[in-house]
Amino acid sequence: MLILRVALIMVTLGFARASSSSECCAVFESDITAAPNSKAYNSTIYGFWSGQARDDKPTCVVQPTTREHVAAVVRALTRWQCQFSVKGGGHTPFAGAASINGGVTIDLAKLNTISVDKNVGIANIGAGLKWGQIYEYLENKGMMVSGGRASLVGIGGLVVGGGYSWFAPQKGFVADTVINFELVIGNGSIINVNATSNSDLFVALKGGGNNFGIVTRYDLESFPFEKLWGGIMSYRQVSGTQSILNVIDYVAPIVAPPIYSDALAIPGLISSTMRITNVYFCHYDLFEQCGNVRKSREYLEQNLEPLKDITGFVWSILFQPIPLIVSEHSIANGGNIMGVDRNKDNLTLFLVYVTWLEASDDQKFTDAAYATVDEINAVAENLGVTNPFIYLNYAGRKQNPLTGYGEENIEKMRSLSEKYDPRATFQILVKGGFKIPGMEIVMD
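In mature numbering (1 follows the signal peptide of the UniProt record, and there is no 0), the protein residues as written are -18 to -1, 1 to 426.
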């Protein structure tokens, strides 16, 4: 485990009086503002993926349709010091990431324009779109981008969290394929962030979360669409773990290539969806089946044993390799803020995935999941194979993945926050997401 010594940065700012949520909601245009129990309001609340996030109820929902709307809303929220959240796809499982109790929720769902220029190889994608919509559009154009692996995940959270894709071994993280971010910053200005314009912020948006503003459009590298061979295999008992880990990043469009022979021959195969397909199939199929790896499964089973009879209880463990070549692509594309350039070895992401029905059981399952992660970390530490990197899009509420980016990158984020968001809108008013460590704001 990496323990960072972090100095506090004290900033004294003069602000207008903090306004109540109802006062804030009253200043927005009525045609983009939704009150509780309205159809538009409910569409936002029930658009959250998890029950925890749906339990949060904002005072109003604002549904901008243009970047200018977003800019005006942010300007007003900053002026009147209103707490707010920003919802893209709404796929983060814990409450408070993109949801808020009281305050204002900005729902980006209507920023849903998309286009692709085959000649220059750039797809322009609105921040309100989800990957299922994006892939369907691009496949009809014979083009593709490196993107998410589940249809209901939004482009926004995935990209600013780094983003892991089926194409990661060829392209790096999804954020590494961004050509330009269209960004609304805390004072309501609309800026483009790329390799030549506001270039110091370009790297920080690649994995920096929601700390610098609201991205209203993502311009991604696009490429001619090619089919791939893949799917999900489920086993009653995993006796060939190493074979699976050795071949997971091989997706050439060849049916049952020799490199997969060991994995396909593992006893206990109960189902398989392996076939030549397109990205549209793979991301929809992702949550239908799951596999497990022996030792980690044992830890999770032990911790969840007392809870096994609770209604709606489902669990799985996901292991996802990050081969060294992914980090090499990141470096070649100018780098990101996640500190993966420090990696000298292949990494494996470990995700505990647990679902249940009742809010009264939240703490029980959360504690069991964290206990499992702690045990796995302890084993990894004893083996000398720990790594400080925590993938932001998989992080739990009690974790702050930014601490694993390295002190140099954290200091860079602090400096950029002071430059582009001097009134600390996205540190103070936006409570959700993982905030930059070591920043303490004092208001007059």
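All C-beta atoms, glycine included, are put in the ideal place defined by N, C-alpha and C.
Q. What's the C-alpha gap between Asp158 and Ser12?
A. Mapped onto the sequence shown, residue 158 falls at position 176. Mapped onto the sequence shown, residue 12 falls at position 30. Approximately 38 Å between the Cα atoms of the pair.
Q | Alpha carbon of Gly108 to alpha carbon of Val44, nearest angstrom | A | One-based indexing of the sequence shown puts residue 108 at position 126. One-based indexing of the sequence shown puts residue 44 at position 62. Straight-line Cα distance between these residues: approximately 17 Å.
Q) In the DSSP assignment, what residue or residues form a beta bridge with Asp158? A) To locate residue 158, count along the sequence shown from 1; it is residue 176. DSSP output for Asp158 lists no bridge partner at all.
Q: Pull up the distance between the alpha-carbon of Asn101 and that of Thr95, whole angstroms please.
A: Counting from one through the sequence shown, the residue named residue 101 turns up at place 119. Counting from one through the sequence shown, the residue named residue 95 turns up at place 113. A straight-line Cα-Cα distance of about 19 Å links Asn101 and Thr95.
Q.
Restricting to Cα atoms, I'd like to know which of Ile410, Glu340 and Gly415 is closest to Gly33.
A. In the sequence shown, counting from the first residue as 1, residue 33 sits at position 51. Looking at the Cα atoms, Glu340 is the closest of the given residues.
Q.
Out of Pro288, Gly366 and Gly378, which one is the CA nearest neighbour of Phe332?
A. Indexing the sequence shown from 1 puts residue 332 at position 350. Closest in C-alpha terms to Phe332, from the list Pro288, Gly366 and Gly378, comes Gly378.
Q | Thr198 in three-state terms, based on DSSP | A | Position 216 of the sequence shown holds residue 198. Here DSSP, grouped into helix, strand and coil, assigns Thr198 to strand.
Q: Kindly indicate the opening and closing residues of the beta strand (DSSP E) around Thr87.
A: Here residue 87 corresponds to residue number 105 of the sequence shown, with the count starting at 1. Taken as a continuous stretch (DSSP letters only), the beta strand (DSSP E) holding Thr87 covers Val86 to Asp89.
Q) How would you write the range of the alpha helix (DSSP H) that Met395 sits in, first residue to last? A) The residue you call residue 395 lines up with position 413 of the sequence shown. Per DSSP, Met395 belongs to the alpha helix (DSSP H) from Glu389 to Tyr402.
Q | Leu134 (DSSP reduced to helix, strand or coil) | A | Position 152 of the sequence shown holds residue 134. Looking at Leu134 - three-state DSSP - the assignment turns out to be coil, as it is neither helix nor strand.
Q: For Asn325, count neighbouring C-beta atoms within 10 Å of its own C-beta (all shown protein chains included) and say buried if the count is 16 or more, exposed if not.
A: Within the sequence shown, numbered from 1, the residue matching residue 325 stands at position 343. Looking at its Cβ environment, which holds 16 or more other Cβ atoms inside 10 Å, Asn325 is buried.
Q: Indicate the three-state DSSP secondary structure (helix, strand or coil) for Tyr335 in the structure shown.
A: Counted from its first residue, the sequence shown places residue 335 at position 353. The three-state reading of DSSP puts Tyr335 in strand, counting E and B together.
Q) Which residues bound the alpha helix (DSSP H) around Lys153? A) Position 171 of the sequence shown holds residue 153. Secondary structure note for Lys153: its alpha helix (DSSP H) is the uninterrupted segment Ala150 to Lys153.
**Q.** Identity of the residues DSSP links to Ile418 by a beta bridge
**A.** Position 436 of the sequence shown, counting from 1, holds the residue named residue 418. Looking at the DSSP assignment, Ile418 forms no beta bridge with any residue, so it has no partner.
Q: Classify Leu187 as buried or exposed, calling it buried when 16 or more other Cβ atoms lie within 10 Å of its own Cβ.
A: What you label residue 187 is simply residue 205 of the sequence shown in a count that begins at 1. With at least 16 other beta carbons inside 10 angstroms of its own, Leu187 counts as buried.
(Q) I need the DSSP call for Asn285, collapsed to helix, strand or coil. (A) Numbered from 1 along the sequence shown, position 303 holds the residue referred to as residue 285. DSSP places Asn285 within a helical segment (H, G or I) once states are collapsed to three.
**Q.** Where Tyr376 falls, given that 16 or more other Cβ within 10 Å makes a residue buried
**A.** Mapped onto the sequence shown, residue 376 falls at position 394. Counting of Cβ neighbours within 10 angstroms places Tyr376 among the buried residues, the total reaching 16 or more.
Q) alpha helix (DSSP H) containing Leu183: first to last residue? A) Position 201 of the sequence shown, counted from the first residue, corresponds to residue 183. Ser181 to Leu187 is the extent of the alpha helix (DSSP H) around Leu183.
Q | His73 vs Gly139 beta-carbon contact at 8 Å | A | Here residue 73 refers to the residue found at position 91 when the sequence shown is read from its first residue. Here residue 139 refers to the residue found at position 157 when the sequence shown is read from its first residue. Between His73 and Gly139, the CB-CB gap stays under 8 Å.
Q: Determine, using beta carbons only, whether Phe408 and Gly110 come nearer to each other than 8 Å.
A: The sequence position of residue 408 within the sequence shown is 426, counting from 1. The sequence position of residue 110 within the sequence shown is 128, counting from 1. When the beta-carbon positions are compared, Phe408 and Gly110 stay at least 8 Å from each other.
**Q.** Exposure label - Asp201; buried when at least 16 CB within 10 Å
**A.** Taking the first residue of the sequence shown as position 1, residue 201 is located at position 219. By the neighbour-count rule (16 or more Cβ atoms within 10 Å), Asp201 is buried.
Q | Contact under 8 Å by Cβ, Thr337 with Val296 | A | The count along the sequence shown starts at 1 and reaches residue 337 at position 355. The count along the sequence shown starts at 1 and reaches residue 296 at position 314. Yes; because the gap between Cβ atoms is below 8 Å, this pair is in contact.
(Q) To the nearest angstrom, how far is the alpha carbon of Asp312 from that of Tyr23? (A) Translated into positions along the sequence shown, residue 312 becomes position 330. Translated into positions along the sequence shown, residue 23 becomes position 41. Reading the sequence as shown, one finds Ser at residue 312 and not Asp. The straight-line gap separating the alpha-carbon atoms of Ser312 and Tyr23 is approximately 39 Å.
Q: For the alpha helix (DSSP H) holding Asp344, just list the boundary residues, first then last.
A: For this step, residue 344 is matched to residue 362 along the sequence shown. Segment Asp344 to Leu365, the alpha helix (DSSP H) holding Asp344.
Q | Start-to-end residues for the beta strand (DSSP E) that takes in Trp62 | A | As a working mapping, residue 62 is identified with position 80 in the sequence shown. Careful: Trp62 lies outside any beta strand (DSSP E), inside the alpha helix (DSSP H) at Arg49 to Trp62.
Q) How many Å lie between Lys417 and Leu384 at the Cα? A) Translated into the one-based positions of the sequence shown, residue 417 becomes position 435. Translated into the one-based positions of the sequence shown, residue 384 becomes position 402. When rounded, the distance between both Cα atoms is 8 Å.
Q.
If you reduce the DSSP assignment to three classes, tell me which class Glu164 lands in.
A. To locate residue 164, count along the sequence shown from 1; it is residue 182. Reduced to three states, the DSSP call for Glu164 is strand.
(Q) By DSSP's criteria, Pro206 is part of a beta bridge. Which residues make up the other side? (A) Residue numbering aside, residue 206 sits at position 224 when the sequence shown is read from its first letter. Answer by DSSP bridge pairing, in chain order: Met125.
**Q.** Among Pro151, Ser128, Cys7 and Gly170, nearest to Pro206 - alpha-carbon criterion
**A.** Your numbering for residue 206 matches position 224 in the sequence shown. Minimum Cα distance to Pro206 is reached at Ser128.
Q: Report the three-state DSSP secondary structure of Ile410 (helix, strand or coil).
A: Here residue 410 is taken as the residue at index 428 of the sequence shown, counted from 1. Ile410 falls in the helix class under three-state DSSP.
Q: Please say whether Lys413 and Gly124 have beta carbons closer to each other than 8 Å?
A: What you label residue 124 is simply residue 142 of the sequence shown in a count that begins at 1. What you label residue 413 is simply residue 431 of the sequence shown in a count that begins at 1. Against a cut-off of 8 Å, the Cβ pair of Lys413 and Gly124 comes out as no contact.
Q: Identify the continuous alpha helix (DSSP H) that holds Leu300 and give its terminal residues.
A: For this step, residue 300 is matched to residue 318 along the sequence shown. Element bounds for Leu300: not the alpha helix (DSSP H) but the beta strand (DSSP E), Val296 to Ile304.
Q: Check Ala234 in the structure and name its three-state DSSP category.
A: Indexing the sequence shown from 1 puts residue 234 at position 252. Below a pLDDT of 50, predicted positions are generally treated as unreliable, and Ala234, at 47, falls in that range; no measurement from the model is reported.
(Q) Judging by CA-CA distance, which residue of Thr87, Ile161, Gln115 and Pro40 is the nearest neighbour of Thr99? (A) Counting from one through the sequence shown, the residue named residue 99 turns up at place 117. Reading off the sequence, residue 99 comes out as Asp, not Thr. Asp99 has its Cα closest to that of Ile161, out of Thr87, Ile161, Gln115 and Pro40.
Q: Give a yes or no on contact between the segment 352 to 366 and the segment 391 to 403, applying the rule of three or more CB pairs nearer than 8 Å.
A: They do not touch, by the three-pair rule.
**Q.** For Asp37, the first and last residue of its enclosing alpha helix (DSSP H)
**A.** Position 55 of the sequence shown, counted from the start, is the residue given in the question as residue 37. Segment Gly33 to Asp37, the alpha helix (DSSP H) holding Asp37.
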